[in-house]
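First up is the structure itself, then whatever we jot down about it.
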Amino acid sequence: MQHPDPRRLSINTATVRKQWTLDKIIDGCARHGICGISPWRDQVQALGLEKTARLIRSNALTVSGYCRGGMFPGVDDATRQVASDDNRRAVDEALALGAACLVLVVGGLPGSSKDIAGARQQVKDGLSRLLDYSRNVGMPLAIEPLHPMYAADRACVNTLEQANDLCDELGDKGLGIAVDLYHTWWDPKLFPQLERAGRNRILAFHICDWLVPTRDLLSDRGMMGDGVIDIRSARLAVESLGYQGAHEVEIFSELNWWQQEPNDVLSTCKERHQQYC
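Note that UniProt numbering gives residue 24 to position 24 of the sequence shown, counting from 1, and the numbers run on in steps of one.
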């Protein structure tokens, strides 16, 4: 059995966000010997960008990703410009934190639209404009395909194949993919599309588990080992392709893990990472 390198474990701050503020999450990761962290923008704004960067550096944590940019589609030019301006700020924040990438949840149907093809074109156009900025300052962008249940409201890019197509069309420089197993485990093309992405495009690798039954599609993710995802096979696949980044635990769990003592949650993340990743 090929156990993962424990130094590759990273905690997406959503995993214990209901129990701890960001400064406590940073401290908790350091105390538990967890080497990576991936903060969310609202938490960074609450703590302060400079203070967050200082605490992360002083605790010698690696920032595996920054959550999140995207949400490109809009009902009109003014709305799309607001998103564009905010995405540039997100790039600047990711740079200040030393993040490995800015994760993009691209957005769904704007307003009352039913034109998903049009929404996907807006995503491509918005992403192209953002790349003009992010490439210049050196911040990689990671498209995160979301499960099709989110196509209408959160992300109309739903498969690795779609994300790979965007990379083909817009160019690989500074652009890649965040592979979140919660969203992609079901895809019959998962492994061929991972191979297509290869080492250069896979910028992030997110882990948790899919529970059966899932009681809430947004906030009932499982701890690794509690569900049906073959996490180890996916981890071995991305590493065989040359991926050398973090294994980022991202668990939204209103009904379970957000109710648990956060030190216990981090300890369980460490144990399950070794058992199931």
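Just so it is clear, CB atoms sit at the ideal spot from N, CA and C, and this is done for glycine as well.
Give the straight-line distance between the Cα atoms of residue i and residue j, rounded to the nearest whole angstrom.
i, j, result
"Asp230", "Lys189", "15 Å"
"Asn87", "Leu130", "7 Å"
"Leu55", "Asp115", "44 Å"
"His3", "Ser233", "11 Å"
"Val228", "Ala78", "43 Å"
"Asp264", "Val16", "10 Å"
"Leu211", "Asp220", "8 Å"
"Thr62", "Ile11", "10 Å"
"Leu170", "Gly126", "11 Å"
"Gln121", "Asp132", "17 Å"
"His32", "Asn59", "12 Å"
Which residues bound the beta strand (DSSP E) around residue i?
i, result
"Asn12", "9-12"
"Cys67", "66-70"
"His206", "202-207"
"Glu248", "247-249"
"Val105", "102-105"
"Ala178", "175-180"
"Ala90", "Looking at the DSSP string, Ala90 is not in any beta strand (DSSP E); the run it does join, the alpha helix (DSSP H), is 77-97."
"Gly36", "36-38"
"Ala142", "141-143"
So residue i and residue j are in contact, right, with Cβ under 8 Å, and what is the actual spacing, rounded?
i, j, result
"Asp172", "Asn200", "6 Å"
"Tyr243", "Cys208", "Actually they are not in contact, since the Cβ atoms of Tyr243 and Cys208 sit about 18 Å apart, beyond 8 Å."
"Ala178", "Ala142", "4 Å"
"Leu241", "Gly198", "5 Å"
What residue range does the alpha helix (DSSP H) around residue i cover?
i, result
"Val228", "Note, Val228: premise wrong, no alpha helix (DSSP H); not H, not E."
"Ile56", "49-58"
"Leu266", "262-276"
"Leu22", "22-31"
"Ala163", "160-170"
"Asp125", "116-137"
Cutting at 8 Å between CB atoms, please list the residues of its own chain near residue i, excluding the five before and the five after it.
i, result
"Ala90", "Arg41, Tyr66, Arg68, Gly69, Leu102"
"Arg154", "Val105, Gly107, Gly108, Leu146"
"Leu218", "Phe252"
"Glu261", "Gln19"
"Pro110", "Pro73, Gly74, Val75, Thr79, Ala119, Gln122"
Taking only beta-carbon positions, decide if residue i is within less than 8 Å of chain C.
i, result
"Trp258", "In the structure shown, chain C cannot be found, because there is only a single protein chain."
What residues in its chain sit with their C-beta under 7 Å from that of residue i, if we drop five residues either side in the sequence?
i, result
"Val238", "Val179, Leu194, Ile202, Phe205"
"Ala94", "Tyr66, Leu102, Met139"
Quick one: residues in its chain with C-beta nearer than 6 Å to the C-beta of residue i, no 5 flanking neighbours on either side, listed in chain order?
i, result
"Arg8", "Ala246, His247"
"Ala96", "Leu49, Ala53"
Quiz item: Do three or more CB pairs link the segment 72-80 to the segment 19-30 at distances below 8 Å?
Solution: no
Quiz prompt | Given 8 Å, three or more beta-carbon pairs between the segment 76-86 and the segment 44-61 | solution = no
Exercise. Evaluate the contact criterion for the segment 266-274 versus the segment 213-228: three or more CB pairs, one atom per stretch, below 8 Å.
Key: yes
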